[in-house]
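*Asks:* What follows is a structure written as structure tokens; I'll ask about it next.
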Amino acid sequence: MSTLLPSSASVADGAVRLLHSGVIRAAGADAASFLHGQLTNDMTGLGLGEARFAAYCSPKGRMLASFVAFKRSHDEIWLACRSDVLPATLKRLRMFVLRAKAQLSEGGDDAVLLGLTGRSAAAWLTQVLPAAVSGAVWSRHALDEALLVRLPDGAGQARWLWAGPAADADAVLNALPALALDRWDWLEVHSGVAPIVANTVEAFVPQMLNYELVGGVNFQKGCYPGQEIVARSQYRGTIKRRAALVHGDDAALPGQEVFWSGDDAQPSGQIALAAPAPGGGWDALVELKLAALDDGSLHLGRVGGARLQPMALPYVVPRENAA
């Protein structure tokens, strides 16, 4: 399994506006309890100093969206997600508010999202908010009117999600080198945390993308849509598919099928997230049958298509439930 990577510090440094992402705002006295009953993670225990990764599932346990959730204030939670799933997700969540004291809306000009990474970002944050540099993964920090969330590393490099007013976002972008959006996406691929996008809606239960391994599922919390199926997959040894990191020569897109030489009659997986690799080709997170990682070869799009080479994830994926 290949582990060789170009130095991320030489290819990914600075700040970028995350044009493919947006924010759902949940405000009101019941905002946390309402979201607690809808998402896979604990929202009632969410503190001002932390963020949480979470999924929103259908009653069949299939993911409709995924979020980085953090509090703007004691009674307002921001949910950062991909823009192409945001309108449908917001509409669906609103259907279930009923009598809860919670107002859901799309973030406006005061909820712009930036991605920060690399030496320049770390040096700038050391000057303006050193706690964000030393903070643990999923810690949340306030900087004037903006918030920063320490995200999981990508390719061994620290990353931060910045959320705040458009005017402040412009100031940050002017203070740091410009980072290409596809370089940010490449780091996200190498973090091993794949967001749900339009092409993967209802394609996966959380464990298929390793969500419980990156803090995205709380198995002790109360009910939420699809909870029974998610829990059954965890405790009855039915996890037969997982997310893996791969590299190939051809461009890959979320939702694209992956074939395995050991079973060429049908697809054995699906691309969840992909980005061009700095050294050429494309890197991707692909949901796969576990058996496809043991032997044989992987191919993009069709039997005999472009070869996909497995790479090392930044965390260990257990195999005890594979049988």
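Residue numbers for the sequence shown follow our numbering, beginning at 16 and rising by one.
Where a beta carbon is used, it is the ideal one built from N, C-alpha and C, also for glycine.
Taking the straight line between their C-alpha atoms, what separation do you get for Y330 and K106?
*Replies:* Between Y330 and K106, the C-alpha separation is close to 35 angstroms.
*Asks:* With a 10 Å radius around its C-beta and 16 neighbouring C-beta atoms as the bar for buried, classify L50 as buried or exposed.
*Replies:* Answer is buried; the Cβ neighbour count reaches 16.
*Asks:* Using 8 angstroms as the Cβ pair cut-off and three pairs as the minimum, do the region 36-52 and the region 98-118 touch?
*Replies:* Contact between the region 36-52 and the region 98-118 is present, because at least three Cβ pairs lie under 8 angstroms.
*Asks:* For G320, which residues of its own chain have a beta-carbon under 6 angstroms away from its beta-carbon, when the five flanking residues on both sides are left out?
*Replies:* H314, listed in sequence order.
*Asks:* If we count Cβ pairs, one from each stretch, closer than 8 angstroms, do we get three or more for the region 297-312 versus the region 252-262?
*Replies:* Yes, they touch.
*Asks:* Could you say if the region 174-185 and the region 126-135 meet the contact criterion of at least three C-beta pairs nearer than 8 angstroms?
*Replies:* As far as the Cβ criterion goes, the region 174-185 touches the region 126-135, which means the pair count is three or higher.
*Asks:* Expressed to the nearest angstrom, what Euclidean distance is found between the alpha-carbon atoms of R322 and A267?
*Replies:* Near 12 angstroms, if we compare the C-alpha coordinates of A267 and R322.
*Asks:* Compute the Euclidean distance between the alpha carbons of E217 and V245, then round it to the nearest angstrom.
*Replies:* Near 13 angstroms, if we compare the C-alpha coordinates of V245 and E217.
*Asks:* Any idea which residues DSSP pairs E65 with across the strands?
*Replies:* Answer by DSSP bridge pairing, in chain order: S154.
*Asks:* Among Q285, A280, G230 and P221, whose alpha-carbon lies nearest the alpha-carbon of I254?
*Replies:* Cα-wise, what sits closest to I254 is P221.
*Asks:* Out of curiosity, what's the CA-to-CA distance linking Q53 and L188?
*Replies:* Their backbone Cα atoms lie some 35 angstroms apart in a straight line.
*Asks:* Please report how far the alpha carbon of T18 lies from the alpha carbon of A170, in whole angstroms.
*Replies:* Caution applies to T18, whose pLDDT of 45 falls short of 50 and renders its modelled position unreliable; the model cannot decide the point.
*Asks:* For F219 versus A290, is the C-beta spacing smaller than 9 angstroms?
*Replies:* The answer is no: Cβ separation not under 9 angstroms.
*Asks:* Locate the beta strand (DSSP E) running through Q324, then write down its first and last residues.
*Replies:* From DSSP, the beta strand (DSSP E) with Q324 extends over A321 to M326.
*Asks:* DSSP on Q235, reduced to helix/strand/coil?
*Replies:* It is coil, neither helix nor strand.
*Asks:* Check whether the region 221-240 touches the region 275-282, taking contact to mean three or more Cβ pairs, one atom from each stretch, closer than 8 angstroms.
*Replies:* Flag = no, the region 221-240 and the region 275-282 do not touch.
*Asks:* Where does D28 land, buried or exposed, given buried means 16+ other C-beta within 10 angstroms?
*Replies:* So D28 ends up on the buried side.
*Asks:* Can you tell me where the beta strand (DSSP E) with A259 in it begins and where it stops?
*Replies:* R256 to G263 is the extent of the beta strand (DSSP E) around A259.
*Asks:* What whole-angstrom Cβ distance do A80 and C96 have, given they're in contact under 8 angstroms?
*Replies:* Yes, they are in contact, since the Cβ atoms of A80 and C96 sit about 5 angstroms apart, within 8 angstroms.
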